[in-house]
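Beneath this line is the structure, given in structure tokens, with notes to follow.
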Amino acid sequence: MTTADRYVEFATREAHGVSPAYERLAHAVARDDELLALLDTLPPAKRQPQLLLGVVRWLGGPVDDPAAFRAHTVAHWPAVRAAMLTRAVQTNEAGRCAALLPVLAALPQPLALLEVGASAGLCLFPDRYAYRYGDHLLGAGEPVLDCTLTGTGPPTTRPEVVWRAGLDLNPLDVTDPADVAWLDALIWPEHTHRRARLRAAAAVAAADPPELVRGDLVDDLPALAARAPAGATLVVLHTSVLYQVPPASRAAFVALVRALPGHWVSAEAADVLALDGLPSPPDGTLYNVLALDGTPLAWMRSHGQSAHWFG
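Residue numbering for the sequence shown follows our numbering, beginning at 1 and increasing consecutively.
Structure below.
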């Protein structure tokens with residue numbers, strides 16, 4: 001897939017109907033030979049639309065007008081390039097917990113949660129957020145995570161989490177304003193509700209910061225998993241992470257996590273794990289596949305806003 005193709009796919013399958021500003025910008029980049037040439041000087045993994053758009057926002061550039069975005073990006077390319085090389089897409093969307101909750105709440109309790117690609121660890125607190133599934137409210141306080149469920153009923157209890165830890169090549173610190181600012185920059189421009197949700201979830205995490213370990217998802221996972229307390233169900237989870245992992249490491253991770261005790265909860269794009277038995281998605285937008293121990297359960301939107309359980 002060319003860089004232009006990647007931006008068109010992002011515009012049509014991810015941003016369409018979700019972020020008009022990013023849809024316009026991604027289409028504009030896909031048609032701009034000079035911007036594409038600049039992007040192609042980066043390693044392939046660093047050319048992704050979310051990274052470019054997040055970096056320009058983080059550096060204070062405009063994202064509401066394609067012409068202004070282009071002029072700013074070209075004029076400030078050295079700074080944009082340097083940030084794209086050092087930063088990574090680490091969208092830490094607590095809203096995903098709402099789609100994961102029916103799976104987590106049904107596992108043998110209590111849980112020892114280990115998130116791979118944890119970013120700042122905001123998805124390690126499913127027991128401390130409140131949830132709204134239509135008119136069904138579960139829990140109290142902030143943030144309240146909304147999710148539309150079809151094909152299954154809403155969970156009636158939150159999981160009991162007795163241990164939580166995360167593994168990431170570059171873990172972020174919810175008590176560090178610079179790291180929180182980067183997480184904010186990764187939220188799409190129109191999504192003020194997600195920005196408020198980030199602040200509320202970061203406050204929850206900052207009150208009791210999770211243990212985040214800098215390390216590789218293959219080399220360092222066994223040692224961290226071995227620290228989970230006896231008597232708790234180990235759950236290794238990850239959401240929208242493996243697409244950034246080279247195929248060989250991805251395969252090694254899958255083999256490793258299948259051999260660990262406990263359970264494996266994943267939410268990745270359909271072409272990332274190539275799981276068998278997938279029905280057709282509900283529409284042409286981009287969905288992740290929510291799976292338990294490699295068995296597909298539902299189509300899930302990437303921010304956790306909906307999950308369509310398979311019949």
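Every residue, glycine too, gets a C-beta built ideally from N, C-alpha and C. Here the structure is a predicted model, which means the values were calculated and not measured.
ask   = What separation, rounded to the nearest whole angstrom, lies between the Cα atoms of proline 9 and leucine 186?
value = In the sequence under discussion, the amino acid at residue 9 is glutamate, which differs from the proline named in the question. Their backbone Cα atoms lie some 18 Å apart in a straight line.
ask   = Which residue spans inside the region 148 to 212 form an unbroken alpha helix (DSSP H) run of at least 4?
value = Annotation: the region 148 to 212 contains the following complete segments of the alpha helix (DSSP H) (minimum length 4 residues), in chain order: 177 to 185 and 192 to 207.
inquiry  = How far does the alpha helix (DSSP H) with valine 56 in it extend, from its first residue to its last?
reply    = Going by DSSP, valine 56 is part of the alpha helix (DSSP H) stretching over 49 to 58.
ask   = Going by other Cβ atoms of all chains shown within 10 Å of its Cβ, with 16 needed for buried, is glycine 151 buried or exposed?
value = So glycine 151 counts as exposed.
inquiry  = Please confirm whether threonine 3 has its beta-carbon closer than 8 Å to some beta-carbon of chain C.
reply    = Structure shown: chain C not included; a single protein chain is present.
request  = Could you check what DSSP says for aspartate 40 in three-state terms: helix, strand or coil?
outcome  = Correct three-state label for aspartate 40: coil.
key: Cβ-based burial, alanine 226 [other Cβ within 10 Å; buried from 16]   = Burial call: exposed.
task = To the nearest angstrom, report how far apart leucine 85 and histidine 136 are at their CA atoms.
result = Answer to the nearest angstrom: the Cα atoms are 43 Å apart.
inquiry  = Just to confirm my understanding: we take aspartate 40, look at its own chain, exclude 5 residues before and 5 after, and list those with CB closer than 8 Å. What are they?
reply    = Excluding residues within five positions, the ones whose Cβ falls inside 8 Å are Thr3 and Arg47.
message = Using C-beta distances below 8 Å, list every residue in its chain close to alanine 120, excluding the 5 sequence neighbours before and after it, in chain order.
response = Result list for alanine 120: Gln90, Asn92, Pro171, Leu172, Asp173, Val174, Asp179, Val180, Leu183, Ala202, Ala205 and Leu212, in chain order.
ask   = By a C-beta neighbour count over all protein chains shown, 10 Å radius and 16 as the cutoff for buried, is valine 74 buried or exposed?
value = Of the other Cβ atoms in all chains shown, fewer than 16 fall within 10 Å of the Cβ of valine 74; this residue is therefore exposed.
Beta-carbon separation (whole angstroms), leucine 101 vs tyrosine 131, contact threshold 8 Å = The C-beta distance from leucine 101 to tyrosine 131 rounds to 6 Å, short enough to meet the 8 Å contact threshold.
request  = Kindly identify the DSSP beta-bridge partner or partners of tryptophan 77.
outcome  = Beta-bridge pairing links tryptophan 77 to no other residue.
request  = Take the Cβ of glycine 277 as the centre, count every other Cβ of all protein chains shown within 10 Å, and call the residue buried at 16 or more, exposed below.
outcome  = In summary, glycine 277 is exposed, with fewer than 16 beta-carbon neighbours lying within 10 Å of its beta-carbon over all protein chains present.
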